[in-house]
Amino acid sequence: DGYRNTNQVSDDYRYQDGNYDAANDGYHRGGDEPAQEEDAQSDVTEGHDEDDEVYEGEYQGIPHPDDIKEKQKKRAPAVDDEYRDRADLMAERMEDEEQLAHQYENIIEECGHGRFQWTLFFVLGLALMADGVEVFVVGFVLPSAEKDMCLSSSNKGMLGLIVYLGMMVGAVLLGGLADKLGRKQCLIISLSINAAFAFLSSFVQGYGFFLFCRLISGLGIGGTLPIVFAYFSEFLSREKRGEHLSWLCMFWMIGGIYASAMAWSIIPHYGWGFSMGTKYHFHSWRVFVLVCALPCIASLVALKFMPESPRFLLEIGKHDEAWMILKQVHDTNMRAKGEPERVFTVSYIKTPKQVDEFIEIQSSTGTWYQRWLVRITTTLKQVWDNVLYCLTAQYRMNTLMLAVVWFTMALSYYGLIVWFPDMIRYLQDEAYDSRVKIFDEEEVSHFTFNFTLENQIHRNGEYRNDKFIGMKFKEVRFEDSLFEDCYFEDVRSSETFFENCTIISTVFYNTDLYEHKFINCRLINSTFMKEKEGCHIDFEEDNDFLIYLVSFLGSLSVLPGNIISALLMDKIGRIKMIGGSMLISAVCCFFLFFGNSESAMIGWQCLFCGASIAAWNALDVITVELYPTDKRATAFGILNGLCKFAAILGNSIFSSFVGITKVVPILLASSALVGGGLLALRLPETREQVLM
């Protein structure tokens with residue numbers, strides 16, 4: 105491209121007529137005329153006539169479009185584009201993109217890293233925080249929601265997986281659209297969908313509608329991850345990119361901490377809500393769902409004040425808009441540094457050859473829905489072409505290797521994240537069952553039970569003329585017992601059963617002792633009156649405190665890993681970070697064989713999460729850097745969608761082995777991490793690479 109050696113730093117370079125050039129003092133001057141003072145310039149433009157109207161962008165350093173066209177005509181080939189082979193056009197576009205990549209890197213370095221990037225950092229961080237919150241919401245509300253909605257075990261499982269299904273579809277669809285419609289616009293669409301349906305899900309009462317709302321909410325938030333990283337990376341220079349994308353990942357951790365803290369402080373207060381009649385109830389877990397939508401709403405509002413990615417605008421040929429945004433970035437950072445006099449020296453930026461043909465339909469053509477249908481199908485076809493492009497010879501090997509690494513990482517991580525709480529609960533249940541009290545051949549008559557019976561087994565007992573009033577049975581079993589002339593009133597029960605019992609002349613009034621709780625029993629002359637309304641399902645008594653504590657500590661434990669990965673990302677490289685982190689995480693998995701207590705399981709969970717976060721951060725960075733601008737969000741969306749599919753598989757596989765064996769989950773997670781880590785070492789290093 106022809107650099108001229110000067111004593112000026114790279115910030116002073118600008119691109120003119122296909123060549124890099126450096127002004128003597130770093131300021132752009134029009135022609136050979138001497139620079140004028142600011143006041144003098146204002147005087148010159150004062151009182152001009154409309155006939156003498158000058159191009160408005162001239163005062164901002166933007167060349168007039170007619171001048172640019174003239175220069176392009178001088179360099180243009182004799183044959184029009186419509187008669188040229190598409191391969192020639194693509195070759196010319198790729199050459200333009202390579203020139204733009206290097207020039208854009210110099211421009212970003214001239215703009216500096218300062219107030220603008222930090223503002224965008226927090227705005228996009230809130231969007232990433234909303235993604236982290238979404239992963240935890242359903243797990244926290246299930247213990248309460250299952251009672252309100254009368255959810256069976258299969259319904260609970262579907263509700264847990266439906267969010268990942270929505271995120272999988274959203275990542276591919278919205279990530280692809282971000283390469284065609286723009287980063288900012290698609291991120292606004294993504295956050296709007298999530299906020300609207302998350303808000304709606306807190307009010308719906310039926311299971312089916314609630315499931316649908318969480319599905320669409322997940323679809324919306326699924327698009328944030330690919331768009332956020334593509335968006336932010338295009339405002340960062342090569343030296344800052346790895347570090348600051350890693351710092352951005354911390355907001356996912358903050359989202360988990362926020363969700364845990366809000367659940368801890370809101371859900372146990374069951375009275376924080378209201379009721380409308382007997383059918384509509386708004387309990388505290390619904391308040392929690394509303395509060396979890398706040399980061400998404402905050403990011404959505406703040407995003408309105410952020411510009412589109414100038415790198416994306418240059419890719420689609422919008423030179424002047426991109427120039428204005430880059431000037432805004434430069435001026436914002438210079439003012440914050442106390443150097444407002446620094447002038448943005450770039451006057452012209454290379455724009456790639458535009459090859460895609462998008463035919464705009466006139467308003468008089470067809471009906472409105474036909475025009476929209478053509479636009480939508482054309483855009484979706486372009487997205488599909490981008491998906492296929494990621495599998496062409498140039499990118500096929502990198503895409504396949506990244507897909508395996510993403511899949512193995514997600515299968516192990518999300519599988520173990522579900523397995524840890526389930527194993528802790530299983531250990532609790534084992535300890536609880538070991539404390540069971542057994543009563544044999546007891547005889548009780550004319551006694552009133554008005555207290556809770558818990559974790560007991562009564563065998564071959566006889567109960568005559570006894571009253572059970574205003575009490576609760578919890579984990580109680582009556583086996584081969586006799587109840588005669590007894591009276592049950594206002595009784596609640598969970599996991600309570602009567603097996604092979606004889607029940608004679610007994611009245612059950614306002615109880616939840618439903619028919620399925622009497623197994624092989626003989627009921628003689630007994631009456632059931634005014635059964636309690638609600639679900640005929642026994643719910644597990646979850647230790648809410650432990651659930652929130654485990655999630656809180658698991659989220660907090662990634663803080664050291666985040667800090668270390670951010671500081672070392674640009675020093676040791678992305679590949680060593682991924683491989684080292686995954687192999688260390690695999691070693692942590694083997695120590696789970698020694699986790700035979702609650703505290704040990706919590707400790708190993710924290711260690712595993714802290715070791716694996718560096719691999720996640722490096723995967724995000726290398727995925728952004730391996731693909732060109734017009735394919736970046738699409739590729740990230742495909743790989744992130746595959747990650748969510750692996751999460752669904754991991755949740756299903758690992759949870760099925762709880763209480764059966766620890767060997768299969770541990771060996772599966774370890775082998776997946778080792779295989780993925782070794783394969784990651786074969787990926788190309790992108791630390792010194794400019795964004796194409």
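105 is the number of the first residue of the sequence shown in the working numbering; add one for each residue after it.
Even glycine gets a Cβ: it sits at the ideal position worked out from N, Cα and C.
A quick note: this is a predicted structure, and the numbers were derived from the prediction, not measured.
- Shown here, D589 sits in coil according to DSSP, grouped into three states, outside any helix or strand.
- In this structure, DSSP gives Y613 an extended state, which the three-state scheme calls strand.
- Restricting attention to E619, T223, S661 and T606, the CA atom closest to the CA of A440 is found in T223.
- Cβ-Cβ separation between I752 and V276: approximately 14 angstroms, too far for a contact (criterion under 8 angstroms).
- A direct Cα-to-Cα measurement between A784 and A739 gives close to 17 angstroms.
- Sixteen is the threshold: when 16 or more other Cβ atoms of the shown chains lie within 10 Å of the Cβ of L404, as they do, the residue is buried.
- Judged by DSSP in its simplified three-state form, L520 adopts helix.
- Leaving aside the five residues that flank R287 on each side, the residues in its chain whose CB is nearer than 8 angstroms to its CB run, in chain order, I331, A334, Y335, E338, E412, S413, F416 and A737.
- Taken in chain order, the complete beta strand (DSSP E) segments of 3 or more residues contained in the stretch 489-564 are 541-544, 547-549 and 557-563.
- When the beta-carbon positions are compared, C713 and A773 stay at least 9 angstroms from each other.
- In this model, K571 and F555 are separated by some 11 angstroms (Cα to Cα).
- A distance below 8 angstroms between beta-carbons, with the five flanking residues on each side excluded, links E209 to the following residues of its chain, in chain order: S341, R342, V794 and L795.
- Collapsing the DSSP output to three states places Y335 in a helix.
- Here the C-alpha atom of C317 lies approximately 48 angstroms from the C-alpha atom of D584.
- The beta carbons of S689 and A715 sit about 5 angstroms from each other, so the pair counts as a contact at 8 angstroms.
- Beta-carbon to beta-carbon, I453 and W427 are separated by about 6 angstroms, close enough to satisfy the 8 angstroms threshold.
- Assignment of D570 by DSSP, reduced to helix, strand and coil, places it in the coil class.
- Around the CB of Y268, 16 or more other CB atoms lie within 10 Å, so the residue is classed as buried.
- When only Cα atoms are considered, I420 and P456 end up about 8 angstroms apart.
- K578 carries a strand assignment under DSSP once its states are collapsed to helix, strand and coil.
- Excluding the 5 residues flanking it on each side, L687 has same chain C-beta neighbours closer than 6 angstroms at G781, in chain order.
- Cβ atoms of F612 and F592 come within 8 angstroms of each other, at about 5 angstroms.
- Under the DSSP assignment, F313 falls in the alpha helix (DSSP H) whose first and last residues are Y311 to G326.
- One Cα belongs to L291, the other to E635, and the distance between them is close to 51 angstroms.
- With contacts defined by Cβ atoms closer than 9 angstroms, E238 and D674 do not form a contacting pair.
- For the pair I628 and S760, the Cα-to-Cα distance works out to about 42 angstroms.
- Each residue's CA atom was taken as its position, placing F409 and T328 some 18 angstroms apart.
- Going by beta carbons, H423 and C215 fall outside the 9 angstroms limit.
- Look at the beta carbons and you see the stretch 762-778 not touching the stretch 540-556: under three pairs across the two are nearer than 8 angstroms.
- F587 is the residue among I764, I757, F695 and F587 whose C-alpha sits nearest the C-alpha of G565.
- With contacts defined as CB atoms closer than 9 angstroms, L787 and I679 qualify as a contacting pair.
- Contact annotation: F244 and S364 have beta-carbon atoms nearer than 9 angstroms.
- Taking C-beta atoms under 8 angstroms as the contact rule, F577 and V595 qualify, at a distance of about 7 angstroms.
- Annotated three-state conformation of L340 is coil, per DSSP.
- Here Q221 is buried, its C-beta having at least 16 other C-beta atoms within 10 Å.
- The DSSP-derived three-state label of R219 is helix.
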